[in-house]
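Asks: Chains as they are written, first to last, in the working numbering: chain A, 1 to 378; chain D, 379 to 681. For each residue, glycine too, the CB sits at the ideal point set by N, CA and C.
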Amino acid sequence: MKLNKFVVILGVVVVAGLAFIMTSQKPTEKEADVSADKQVKVGFVYLTTPGDHGWTYAHEVGRQNVIKHFGDKVVTSYVENVPEGPDAARVIRDMAKQGNDIIFTTSFGYMDPTLKVAQEFPDIKFEHITGYKRAPNMATGNIRFYEGRYVQGVVAGMMTKSNKIGYIASFPIPEVIQGINAFGLGLRSVNKDAEVSVIWVNSWYDPVKEADAAKVHIAEGADILAQHTDSPAMLQTAEKAGVYGFGQSSDMKAFAPKAQLFSSVNNWGIYYIDKIQALIDGSWTTGEGPDHWAGNRWVGMADDYLVLTPFENMPDTVAKAASKAAADIKSGANKIFTGPIRDNNGVEKVPAGKTLNDGELFTTLDYYVEGIVGKIPG
Amino acid sequence: MDALILTVILTSIPLILAATGELIAERSGVLNLGVEGMMLMGAVAAFAITSLSGNPYLGVMAAAAAGAMTAAIFAVFTLGLATNQVATGLALTIFGTGLSGLVGAPFVGGTVDGLQAVSIPVLSDLPVLGRLLFQLDLLAYGAFVMLALVAWFLNKSRAGLILRAVGNNHDSAHALGYSVLRVRCAAVIFGGLMAGLAGAYLPLVLTPHWSEGMTAGRGWIALALVVFASWMPSRILIGALLFGGITIIQLVGQARGWEMPSQFLSMLPYLATIAVLVLISRDRNFALMRAPAHLGRIFIGTR
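1. Does any residue of chain A have a CB that is nearer than 9 angstroms to the CB of histidine 587 (chain D)?
2. Whole-angstrom Cβ separation of threonine 106 (chain A) and histidine 69 (chain A), contact assumed at under 8 angstroms?
3. Out of A:Asp281, A:Thr338 and A:Thr364, point me to the one whose CA is closest to lysine 73 (chain A)'s CA.
4. For a contact defined as C-beta to C-beta under 8 angstroms, what are the partners of phenylalanine 311 (chain A) on chain D?
5. Using DSSP with H/G/I as helix, E/B as strand and the rest coil, what is glutamine 25 (chain A)?
6. Are the C-beta atoms of glycine 269 (chain A) and some chain D residue less than 9 angstroms apart?
7. Flag tyrosine 412 (chain A) as yes if its beta-carbon sits less than 9 angstroms from any beta-carbon of chain D, otherwise no.
8. Counting contacts by CB-CB distance shorter than 9 angstroms, is phenylalanine 485 (chain D) in contact with chain A?
9. For histidine 53 (chain A), which three-state DSSP category applies?
10. Verify whether the separation of the beta carbon atoms of arginine 634 (chain D) and valine 243 (chain A) is less than 9 angstroms.
11. Distance check for asparagine 202 (chain A) and proline 113 (chain A), CA to CA, integer angstroms please.
12. Beta-carbon of tyrosine 367 (chain A) versus every beta-carbon of chain D: anything under 9 angstroms?
13. Could you tell me whether the Cβ of proline 639 (chain D) comes closer than 9 angstroms to any Cβ of chain A?
14. What three-state label does DSSP hand phenylalanine 44 (chain A) in the structure shown?
15. Kindly indicate which three-state DSSP category tryptophan 200 (chain A) falls into: helix, strand or coil?
16. Since tyrosine 272 (chain A) contacts tyrosine 305 (chain A) with CB under 8 angstroms, what's their CB separation in whole angstroms?
17. Do leucine 571 (chain D) and alanine 424 (chain D) have their C-beta atoms within less than 9 angstroms of each other?
18. Within the 9 angstroms Cβ cut-off, does valine 251 (chain A) reach chain D?
19. Kindly list, in the order they appear in chain D, the residues whose Cβ is closer than 8 angstroms to that of glutamate 197 (chain A).
20. Which bits of chain D does threonine 49 (chain A) rub up against, with CB to CB less than 8 angstroms?
21. Can a CB atom of chain A be found closer than 9 angstroms to the CB of leucine 584 (chain D)?
22. Determine the DSSP secondary structure at threonine 309 (chain A), reduced to helix, strand or coil.
23. Taking Cβ-Cβ distances shorter than 9 angstroms, what residues in chain A pair up with alanine 397 (chain D)?
24. How long is the line joining the alpha carbons of leucine 235 (chain A) and tryptophan 609 (chain D), rounded to whole angstroms?
25. Please tell me whether asparagine 100 (chain A) has its Cβ less than 9 angstroms away from any Cβ of chain D.
26. Within a Cβ cutoff of 6 angstroms, which residues of the same chain sit near alanine 518 (chain D), ignoring the five residues on either side of it in sequence?
27. Going straight from the alpha carbon of glycine 674 (chain D) to that of valine 408 (chain D), what length do you get?
28. To which residues does DSSP link isoleucine 129 (chain A) through a beta bridge?
29. How many whole angstroms separate the CB atoms of phenylalanine 606 (chain D) and valine 528 (chain D), which I take to be in contact at a CB cut-off of 8 angstroms?
30. Does DSSP classify aspartate 33 (chain A) as helix, strand or coil?
31. State whether the stretch 411 to 420 of chain D contacts the stretch 537 to 546 of chain D, with contact taken as three or more CB pairs (one from each stretch) at a distance under 8 angstroms.
32. Alanine 594 (chain D) touches chain A at which residues, Cβ-Cβ below 8 angstroms?
33. Do tyrosine 150 (chain A) and alanine 194 (chain A) have their beta-carbon atoms positioned less than 9 angstroms apart in this structure?
34. Can you list, in chain order, the residues of the stretch 38 to 67 of chain A whose Cβ is nearer than 7 angstroms to any Cβ on chain D?
35. Please determine, among D:Met645, D:Thr625, D:Ile652 and D:Ala671, the residue with the shortest C-alpha to C-alpha distance to leucine 382 (chain D).
36. Bridge partners of valine 75 (chain A), per DSSP?
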C-alpha cells in the first residue's frame, strides 16, 4: 500500500512536470536541411509569445520580414515564453548548440545570460536587444522608443480634460524610465497643468493586473492612459470606460478602435535584415562607438525603426501638433532630452542648452521629470 | 470612489467563488491545495470555449465542468487510493498550471466578448448601491447566491449536518451508516466546480485574455481565506472584500504617488495572507476548535 501511494504520487508529479516542460519550450521550426551549409541559421529568443500583440509580436513580424527578405538563404527558429533569469541561459546555450550562426535575444532581462553564453561560444554572433553590455561577439540593438512617447505626451497634454494621465509601467529599467520622462517632457511642452501617475505592475505581460491598473487609473480620474507593458488589456479597458490610450509596440487598433489615439510600432525587421546581411558579407561588427554606450545601433523614427500609426480619435489640431512633434524629432530639430530639464521637485537636472548623450540617457536618469507624480521605485 | 469600490468587488468575486467551494471540501474533511490549478483549468476552458463558440455562458459551463473534472482526479487519488492530500493537492496545482498552459497556447493573444452586466430592474436604480451591487454580471450574482446557499446548506439542512459530521469525525459518521467517501467525493467535486467558475471570472469579466498562470496566486489566497473565515461562510465575504481591497489599494497607492516601493505594494496581498494565517493559528485552541476535526485525515473504510 505504502509503495502504491508513492508510485501514484510520483506518477502525478511526473505527468505534471511533463506538461510544464511541454508548455515552456516549443521551438517551432526544426532545421530543414543539414547539407545546405550556406544557409545562415538565425535564432530568436522571445519573452512571451507572438500572440501578445505587443512586444514579442513586433519581433515576430521582424522575423517574418527576415524570411521574406532572404528566402531560403536563412533558416530561422525561435523559442517563446523564455523567462528572464537563469533559465534564459539554458535556452540560449541550447540554441547555440543547435548551430545557429546568430542569435537575437529580445528582452532586457536576457542581458547577463546572453553575455555568459556569448563567452562560451566565441564563434557565434549574439545580438542582445535593449541592453548595454557587449562582447567581441555580442552586439546590442535598440530602438529609441522614447521618441514615440514624447509624441504621446504631446497628444495626451492636448487631449486631457481632467489633466490626469495614467501610465502603466513594467520594471524600473533605463528604457522604461526614458519613456516615462520623454512622455512627461512632451506633455509639459503643451500643458503645464497635466500630471502623470505611474503604476508599476512589475510584469511585462499580466493582462489581469494591467486591466486592474487601468481601472484604478480611470477611477482616479485619468482620461488618457499610456502603457509600457505588452498586452492590449489597458486599451480594452479604456475602450469600455470611454477614455483614450496609446498602443504599445504593435498596432492595437483592432482591440480598441475608439480608444486608441495611436501606437508606436517597433519595426525590428530592418535591424535584423541589416545585421544578418552583415554576417553574410563578413562585415558584422558590434559597432565602433565613441564610448561603451554609443557603440549600439540605437535608432528611432528617423530611420523608420519606430513607426507611428495614423493619429486617430483626436481633433485635427491635435493630430497636426502630433505630426509636427514627430517631424521635429525625425529631422533632429528636437532632441527631446535637451535642457532645461527639472525633476519633479523642481531641481534643475540638465542645464539649458545641454542635451543628454546616449550614455547619460542610460546612467543619469534616476529621477522623474516635472509632471510625473511620485518617485522611481527601488 | 464608486468606481474604485466596484473594482474591489469585481476583484473579490473569484475569491468568493473559489473559497466557497473549498470551504465545502474542507468541511467534509478534505484539504485540497489544488485550487490554483483548478482555477487555471476553469479559466482556460472558459476562454477556449467562449472564443470558439462566441457564447460566454457556454464558457462558464465549460469552466465548471473543467474545474469539476480536475477535482475528480484529486478525488480518485486522495479518496479512492488514499494518497496524501497535501502532496496530491500540490501536484494538482502544478498539473493544472502546466496543462492549462498547454491547452491555452493557441489562444494566447486572442480576445473574447466576456460576460455582460445584467441590471436588476428597480434595484439597479438605487443610488450608489444600485451601481455597486445590482449592475453586475450573472456570475457575480451567482457568487453571492452560492455563498448564501452554502451557508444555509451547512447550518440548516440535514445534508449539511451529514457533511459536517463526516468532516468532524469520519469514523463516527461511517459507524452511523453514512458513506464517508461518497460525501467527500461530492464535496471535492463541488469545490472544483466552484474553483472552475472562479477561474472563468478572470478571462470572462476582469480582462478578456488568456495568459499562462493568469490566476497569479488567487487560488492560494482563496485557500487562506477559508482559514481566515474560520470555516464559516459569512466571513468569506468579509475576507474576500478585504483581500480584494488590498489588491486594489496597492495600485491606488501607486497612482497617488505614495512613497513606498511598488515591489512592496505588490507583495501586500500575499503578506496579508501570511499575516492573517499567523494571527489565526496563534491561538491553537481556537484553530483546533474551528477547524473540521478530521481535516486532511485519510479515511479507509475497513471497519
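Replies: A quick look at the data gives this:
1. yes
2. About 18 angstroms; that fails the 8 angstroms criterion.
3. A:Asp281
4. The premise fails here: phenylalanine 311 (chain A) is roughly 24 angstroms from chain D at the closest Cβ pair, so nothing lies under 8 angstroms.
5. Reliability of the predicted coordinates at glutamine 25 (chain A) is poor, the pLDDT of 47 falling under 50, and the value obtained from them is presented with this limitation in mind. Coil at glutamine 25 (chain A), not helix or strand.
6. no
7. In the structure displayed, chain A extends from 1 to 378; residue 412 (chain A) sits before or after that span and is not available.
8. yes
9. coil
10. no
11. 20 angstroms
12. no
13. yes
14. strand
15. strand
16. So it is not a contact: roughly 11 angstroms between Cβ atoms.
17. no
18. As written in the sequence, residue 251 (chain A) is aspartate, which differs from the valine given in the question. With 9 angstroms as the cut-off, aspartate 251 (chain A) does not count as an interface residue toward chain D.
19. According to the sequence shown, residue 197 (chain A) is serine rather than glutamate. The contacting residues are Gln632, Ala633, Arg634 and Gly635.
20. Ala483, Val486 and Gly487
21. yes
22. coil
23. The contacting residues do not exist; alanine 397 (chain D) stays about 18 angstroms from chain A at best.
24. 40 angstroms
25. no
26. Ile391
27. 5 angstroms
28. A:Gly141
29. That belief does not hold up - the Cβ atoms of phenylalanine 606 (chain D) and valine 528 (chain D) are roughly 16 angstroms apart, past 8 angstroms.
30. Note that aspartate 33 (chain A) scores 42 on pLDDT, short of 50, meaning its location in the model is unreliable; the coordinates nonetheless yield the value given after this. Correct three-state label for aspartate 33 (chain A): coil.
31. no
32. Asp206, Val208 and Lys209
33. no
34. Thr49, Gly51, Asp52 and His53
35. D:Thr625
36. A:Lys41
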